[in-house]
Structures are given as C-alpha cells and as structure tokens.
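So the structure is just underneath, and the comments pick up after that.
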Amino acid sequence: MAGLLRNLHQHFSVIVHVFLMLLFALPSLTVCAININNPSFTKKSFVDRQALLSFKSQIDDPLGALATWHNDSANFCNWQGITCSKKHANRVIALDLHSKGLVGQIPLSIANLSFLTTIHLSDNHLHSAIPYEIGGLNRLRKLNLSSYSLVAAGKMVPLFAIARYLKPWAWANRFEGPIPASLVNASSLEVLDLGVNSFHGLVPKLGTLAMLKELDIGMNHLEEQDWSSLSSLTNCSNLAKLILDDNKFKGSLPESVGNFTINMNWLWLSKNNFSGIIPSSIGNLKNLTLLYAYQNQLTGSIPSTIGNLHKLGSLSLARNKLTGVIPNSIGNLHQVEELYLDNNELEGQIPSTLEGCKNLPILNLSSNCLNGNIPAELFRLSSLSRGLDLSHNLFSGSIPSQVGTWESYQSWAVISFGKPTIRKSSIFPRTMCAFAIPAIGSELP
Numbered sequence: 160m161a162g163l164l165r166n167l168h169q170h171f172s173v174i175v176h177v178f179l180m181l182l183f184a185l186p187s188l189t190v191c192a193i194n195i196n197n198p199s200f201t202k203k204s205f206v207d208r209q210a211l212l213s214f215k216s217q218i219d220d221p222l223g224a225l226a227t228w229h230n231d232s233a234n235f236c237n238w239q240g241i242t243c244s245k246k247h248a249n250r251v252i253a254l255d256l257h258s259k260g261l262v263g264q265i266p267l268s269i270a271n272l273s274f275l276t277t278i279h280l281s282d283n284h285l286h287s288a289i290p291y292e293i294g295g296l297n298r299l300r301k302l303n304l305s306s307y308s309l310v311a312a313g314k315m316v317p318l319f320a321i322a323r324y325l326k327p328w329a330w331a332n333r334f335e336g337p338i339p340a341s342l343v344n345a346s347s348l349e350v351l352d353l354g355v356n357s358f359h360g361l362v363p364k365l366g367t368l369a370m371l372k373e374l375d376i377g378m379n380h381l382e383e384q385d386w387s388s389l390s391s392l393t394n395c396s397n398l399a400k401l402i403l404d405d406n407k408f409k410g411s412l413p414e415s416v417g418n419f420t421i422n423m424n425w426l427w428l429s430k431n432n433f434s435g436i437i438p439s440s441i442g443n444l445k446n447l448t449l450l451y452a453y454q455n456q457l458t459g460s461i462p463s464t465i466g467n468l469h470k471l472g473s474l475s476l477a478r479n480k481l482t483g484v485i486p487n488s489i490g491n492l493h494q495v496e497e498l499y500l501d502n503n504e505l506e507g508q509i510p511s512t513l514e515g516c517k518n519l520p521i522l523n524l525s526s527n528c529l530n531g532n533i534p535a536e537l538f539r540l541s542s543l544s545r546g547l548d549l550s551h552n553l554f555s556g557s558i559p560s561q562v563g564t565w566e567s568y569q570s571w572a573v574i575s576f577g578k579p580t581i582r583k584s585s586i587f588p589r590t591m592c593a594f595a596i597p598a599i600g601s602e603l604p
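Position 327, counted from 1, in the sequence shown is what my numbering calls 486; the numbers after and before it change by one each time, with no gaps.
Next comes the structure, spelled out in structure tokens:
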C-alpha cells in the first residue's frame, strides 16, 4: 500500500512540475506569437528593409550619410533620411537624402518602396536615366530631383503616369527636347517647375491642369509665335505664379492676360520678344505682387490701370520701347518696393503722385526722354534708401532744394542725375557737392 502511494505521489509531482513549466512558459509563448504577427516582421516590411539595403549597396556614399543603414540596426525607420507611416507600421513613406553627396544612378530598388509619398534627392551627384519603375509608385505626391544630371540627352522618362497624382514637381535639371504633351493629363498637378533646362519648341496647352498653382518654365529655349497656347492657362483657376522668363516667346500680349485667375500674384515675362502694347486688362490682376516684363519689345504707353495693382511690390518694365507719359496712377502703388522704368522712350514730367509710393526704396527712370522740372515731391520719399537714378533724360530747371536735406541719400542711397540730365543753368545745392553719382543698374534676377 505504501508503495502504491509513493508511485501516485511521484506521478502527481511530475504532473504539477509540467503544469508549472507550462504556466511560466505561457507569457513567452504569447510574446512570440505577438512578435510573429507584428508588422515589423511581416513580409511586406521586410521588402522595404531589403529595398533600402539594396539602395545603399548600389550607390556611392563618400560622406557616410547612409552609415546607419545596416543589417544590425534594429529598426530601419530610425535610419537617416527615412520616415515611416504611423498608420501602416514600418512602411517607408518618405526618402529624404537631399544634399548628402550621393554619387551614381538612382537604384531600381527604390521602386519597391510602394508606400512612398515623398522622394527628395536634390543637390546630389546623381546622373543617368531616372528609373522608369518609379512610375509604379502610385502614392507618390512629392518628387524633387533638382540638379539631377540627365546624361541621356533629350530623353525625359515618362513619369507622367504618376504625374496626375503628384503635387510639387521640381526639376531644374538638364532636360532637352520638347515639353511632353502628355503633361496635359496630369490633372492633379499643383506645382510644375521645369525651369533652368534646355526645353525647346512649343508649350503644350496646359489649361487642363485644373489644380495647377505654380508654373515655372523660365530659362529654357521655348518658342511661341503668339499667345495662343499660353491663353489656355486662363482656365487654371488656382494659378498663382506664372514664370516664363528668358525664352524665345514672341507676339503681342492679348487682353485675355487680364482673364487670369484673381489668385495670380507672380507674372514674370522678362527677357523674351513680346511686342505690342501692355493690355489695359492687366489691371484686373489685383493680387499681383510681382510684375516683371523687362527686356522685351513692348511699345505704346503704360496703361493707367497699372494703378489698380495695389498689392504690387515689384514692377519692372525696363528695356522696352514704351512711349508716352508715366501715368499719375503710378502713385497708387503704395506697396511697391522696386520700380524700374528705365531704358524706354518715356516722355513728359515725372508725376508728382510718386510721392504716394511710401514704401519705395529704389527708383530707376534713367535713359528715357523725361523732361521738365524734377518734382520736389520725389525727395519727400524717405523710403528711397537704396537708390534713385534719373540719368540720361532731358530735365530742365534746378534740382529741388529739398535734396540737400534729404535723409535717405545721407545713409544708403545712390543718386544719379548723369551728365545729360540737368542744364548748365541748374543750381546744385551746396550739400550735393562732390556727391558720387554712379548709375543704378536695371538688371534683375
């Protein structure tokens, strides 16, 4: 009997021991189960990790920007330049490696980061063709490859499959050839920056880009014989900035210029071959803060409606063939901070209404046919602290005595009346003797 009890006791001890082992092992088993189901161990996030490691292995990193990218690192979401989603754990949504000194081609593995919304690789030493596979990243919203050197001249990779989803799209590269007509299908594009390239030919009719806010095609070799293609942009009801400078555009500016959206605040037309008059409808763009049309072939007079642009901060109509008088309405530009009307054929007197430009630090009216007396009101502008150039005109009479007590020239101003400006009978105030009179340049950025 005693032996039987001893055996039962031994069996019971074994059962209790096994039970206790299972009891203490259960939490660790639970943890293991949780880890197995954790997104950080899913096959999809493993793809992101491997794509990043492959990216590193296929690119030169002389500055060690990718030093944190290695297999031993516990969480790739903490790697340099990587941002992961909060909604989809351990999925890469942003790759920002701008200005990191990277050298080589963009690795194909970047296309495996299927959750990417942002790629920012500007200001590196990347070259060759942009991977076509990037077109499969249908979540991509921001793509910045500025300063990318496209060695394959004339070939622009057809990324327009994703362009309809992209918001900012900044290039500033070395692209050549025509602007692809397929851009008209990029219906959700908000910012299109193709400036500082070598595009040539005609501009596609981009009026279908209903969401477009900024268009920069400046500093290329684009050609237009008239405004017909550009007129379609009046359909872009959100367009705020239009930059067309330094191309080969020709033709007259039509009245339809005034049909641009009321949101328009930048209109940059300089360094082209636009001709004809400045349409009076320009006064409809009442939110303009910048109007640059210098170095064209514009003729006729400055429309009085220019005075409707009360928010204008920068105005340059220099280096054209404008005639007539400076309109009195110019004094309504209370916010203007730079006013360049030089190198035209303007005549008549300087309007005394310029006194209304209370925030004007620089004024250049040189190289015109302005005549009569220089108005004393001009020297009541205490804001003219950067420069005043009235040289090479046909003024008569005396320089106003107010210039002798003018506070602005005593600090920073450069005043230029120039040799042909005032007749010999003029009397210079004593305080102006030996005052330096170099000319103020009209060239703008």
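The C-beta atom is built at its ideal place from N, Cα and C for all residues, glycine as well. Computed from a predicted model, the values in this text were never measured in an experiment.
Residue from the options whose Cα sits closest to the Cα of residue i
i    : options                : result
H380 : I293, P337, S268       : P337
H247 : L275, G410, L426       : L275
K364 : K409, K372, M423, W386 : W386
Q217 : S287, C243, F205, G263 : G263
L368 : V362, L392, E382       : L392
H551 : R545, I533, S526       : S526
S460 : S232, G507, L351       : G507
P534 : P559, S544, L524       : P559
N406 : L549, S440, N502, S357 : S357
R298 : L272, G546, D220       : L272
S415 : V343, F554, L389, T448 : L389
P219 : Q209, R208, L256       : In the sequence on display, residue 219 carries Asp and not Pro. Comparing Cα positions, the closest option is L256.
S511 : N234, N502, E536       : E536
Residue j beta carbon less than 8 Å from that of residue i
i    : j    : result
Q454 : K470 : no
H284 : L261 : yes
N397 : L371 : yes
L505 : G531 : no
P290 : I252 : no
I485 : L500 : yes
S439 : G466 : no
I437 : L412 : yes
With 16 other Cβ atoms within 10 Å as the buried cut-off, status of residue i
i    : result
P579 : Residue confidence is low: P579 scores 45 on pLDDT, short of 50, so the model does not pin down where it sits. Its coordinate-derived value is still stated next. It counts as exposed.
L254 : buried
P520 : buried
S268 : buried
C373 : At residue 373 the sequence reads Glu, which differs from the Cys that was named. With 16 or more other Cβ atoms within 10 Å, it is buried.
A340 : exposed
H493 : exposed
N518 : exposed
G377 : buried
E383 : buried
L651 : Because the chain spans 160 through 604 in this model, residue 651 falls outside it and cannot be assessed.
S287 : exposed
G295 : exposed
S103 : Coverage of the chain is limited to positions 160 through 604, which leaves residue 103 absent and any answer about it impossible.
D231 : exposed
For residue i, the residue or residues it bridges with in DSSP
i    : result
I269 : I269 is not bridged to any residue.
Y499 : S475, N523
Y451 : W427, S475
L392 : DSSP, once it has assigned bridges, lists no residue as partnering L392.
Q456 : S434
F408 : E383
T277 : A253, K301
L374 : L351, L401
F554 : G531
I241 : L254
H229 : In DSSP, H229 forms no bridge with anything.
S357 : E335
Pairwise C-alpha distance: residue j and residue i
i    : j    : result
C528 : G556 : 15 Å
L457 : F433 : 6 Å
K215 : W228 : 7 Å
K445 : I278 : 36 Å
E497 : L522 : 6 Å
S475 : A452 : 6 Å
G360 : L403 : 14 Å
W571 : G435 : Its pLDDT being 42, under 50, W571 is placed unreliably by the model, and the measurement read from it follows with that caveat. Straight-line Cα distance between these residues: approximately 37 Å.
S473 : W425 : 10 Å
S258 : L304 : 11 Å
V362 : T420 : 20 Å
C236 : S213 : 16 Å
N394 : G366 : 5 Å
K245 : S541 : 55 Å
D352 : L211 : 28 Å
A226 : I241 : 13 Å
N196 : W238 : Confidence in N196 is poor, its pLDDT being 44 and thus under 50, which makes the residue's placement too unreliable to answer from.
F205 : N249 : 9 Å
R545 : F538 : 13 Å
N422 : A270 : 37 Å
beta-carbon residue i near the ligand ADP non-hydrogen atom, thresh 7 Å
i    : result
L365 : The model depicted lacks the ligand ADP and carries no ligand whatsoever.
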